[in-house]
Amino acid sequence: MTHLFINAYFKVVQKDSYQHISDKELLLKFRRDLDNQWLGVILQRYTMLLLGVCMKYLKNEELAKDAVQQVFLKAISELHKYEVDYLKSWLYTIARNHCLMQLRDKTKFVAVSDQTEMIIGNHLEESMLEKEQTLLLLEQSLLELNGPQKDCVTLFYLQKKSYQEIVDLTGFSLLQVKSYIQNGKRNLKILVTQKLQQE
Amino acid sequence: MVDLSNILSNGPEPNEAALKRYLDGTASDAERFAIENQMTDEAFMNDAVEGLQNFKDPQVLQQYVLQLNNDLQKQTNKKKARKLKRGLKEQNWTILAIIAILVLCTLAYAVISMYHR
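Protein sequence lines, in the order shown, are assigned to chains A and B. Its first residue numbered 209, the first sequence is counted upward by one per residue in the working numbering. Its first residue numbered 974, the second sequence is counted upward by one per residue in the working numbering.
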């Protein structure tokens, strides 16, 4: 009887009360207690994103929903076996592979665009932000980017234009805009890092 | 003056509500920038948004998310309930053992005191 009350209590409070806890902390709790409820809390954070990823590849709402269920089952059955540090990336990889396998099974051709090759976690080090000099180097490096990359990076990051507005302003396709921003940012990072090392 | 640090910072992670507003086209400029910034940095976010935009009816999307979360909760609670049940069963045996020991001690005391008398 007691466990029914505990479960009911968990259901009511869990969605809001764990918002301040990071994935990493929840994963630690899960490993410590071996309690799947912690896992449930983390996975719920990614339901919508996973559904989107599966929908992108499978192009079918029902199949996408089933695929997310499979990803959850895999997470529940496997996460206690391995030490996963970045659950978000792990879930993305599992979902993507699951969809690609499904498509392969059906011998359907899948065009994986360059967009999916975006680097996960290719984040510029926060410490770079602290250096005033970095911003100066960034300004110089921005001028060294090729035309489309410079335009798209400037419009997106500095003028805060939306993807669609950039498409309208430049005449590039949406895919091109995304690619120029992504590659421009990556090239900026490389240029700034090189300049910092030279100094 | 333009803020160059926008290029370096990854910005705050957008929440589900902001993402829904982005899909509906009702997100604020700040929310829209945060989401598109994440899309540039993370393939996960980019694929997710592109896929979510393929849902014809936002109501269906919402229903699916709710359904998936409910199933997930059932799945994760089931194992917890099983564990708790097992725990309670184990506890029952412990309680029974303690009671048996106490009864035996009382009987032993009664027998010894009778023998002394």
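Glycine residues also receive a C-beta, built at the ideal position from the N, C-alpha and C atoms. The structure presented is a predicted model; accordingly, all values stated were derived computationally and were not measured.
Query: A/Asp-293, DSSP secondary structure in three states; Result: coil
Query: Residue interval of the alpha helix (DSSP H) (run including B/Tyr-995); Result: 989 to 997
Query: Neighbour list for A/Val-261 in chain B, Cβ cutoff strictly below 8 Å; Result: Phe-1017, Asp-1020, Ala-1021 and Gly-1024
Query: B/Asn-1042 - DSSP class collapsed to helix/strand/coil; Result: helix
Query: Reference A/Lys-386, options A/Lys-368, A/Leu-377, A/Thr-401 and A/Phe-364, closest by Cα; Result: A/Phe-364
Query: DSSP three-state assignment for B/Pro-1031, whether helix, strand or coil; Result: helix
Query: Straight-line gap, A/Tyr-388 to A/Asn-354 (C-alpha atoms, nearest Å); Result: 10 Å
Query: Any chain A beta carbon closer than 8 Å to B/Asn-1042; Result: yes
Query: Interface flag, B/Asp-997 vs chain A, CB-CB below 8 Å; Result: no
Query: Collapsed DSSP secondary structure at A/Ser-381 in the structure displayed; Result: coil
Query: Segment contact, 8 Å Cβ cut-off, at least three pairs: the stretch 1016 to 1032 of chain B with the stretch 256 to 272 of chain A; Result: yes
Query: Exposure label - A/Arg-312; buried when at least 16 CB within 10 Å; Result: exposed
Query: Helix, strand or coil at B/Ser-1086 [DSSP, three-state]; Result: helix
Query: Residue closest to A/Thr-342, alpha-carbon to alpha-carbon, out of A/Lys-282, A/Gln-367, A/Gln-227 and A/Leu-404; Result: A/Leu-404
Query: Span of the alpha helix (DSSP H), counted from its first residue to its last, around A/Arg-239; Result: 231 to 241
Query: Closest residue to A/Ile-398 among A/Val-249, A/Glu-352 and A/Glu-373 (Cα-Cα distance); Result: A/Glu-352
Query: Exposure of B/Met-1012, with buried meaning 16 or more beta-carbon neighbours within 10 Å; Result: buried
Query: B/Asn-1042 versus B/Ile-1008 - alpha carbon distance; Result: 23 Å
Query: Collapsed DSSP secondary structure at A/His-331 in the structure displayed; Result: In this predicted model, A/His-331 has a pLDDT of only 46, less than 50, meaning its place in the structure is not dependable; the value taken from the coordinates is given anyway. Of the three classes helix, strand and coil, the one that applies to A/His-331 here is coil, per DSSP.
Query: Whole-angstrom C-beta distance between A/Ala-272 and A/Leu-247, which should lie under 8 Å; Result: Not quite, the Cβ-Cβ distance comes to about 21 Å (not below 8 Å), so this is no contact.
Query: Pick from A/Tyr-294, A/Trp-298 and A/Val-400 that is closest to A/Gln-348, judged by C-alpha positions; Result: A/Val-400
Query: Chain-ordered neighbours of B/Asn-1027 on chain A, where CB pairs are closer than 8 Å; Result: Met-263, Lys-264 and Lys-267
Query: Best match in A/Ala-303, A/Val-279, A/Asn-391 and A/Cys-360 for proximity to A/Gly-379 [C-alpha to C-alpha]; Result: A/Cys-360
Query: Reference A/Glu-269; option with closest CA among A/Cys-307, A/Phe-280 and A/Tyr-254; Result: A/Cys-307
Query: Contact under 8 Å by Cβ, B/Leu-1069 with A/Gln-252; Result: no
Query: Within-8 Å CB hit, B/Leu-1069 to chain A; Result: no
Query: Endpoints, the alpha helix (DSSP H) within which B/Thr-1013 is located; Result: 1002 to 1014
Query: As assigned by DSSP and simplified to three states, the class of B/Glu-986; Result: coil
Query: Residue burial classification, B/Ala-990 (beta-carbon count within 10 angstroms, cutoff 16); Result: exposed
Query: Residue-level contact to chain A via CB, B/Val-1038, 8 Å cutoff; Result: yes
Query: Three-way DSSP call (helix, strand, coil) for A/Asn-268 in this model; Result: coil
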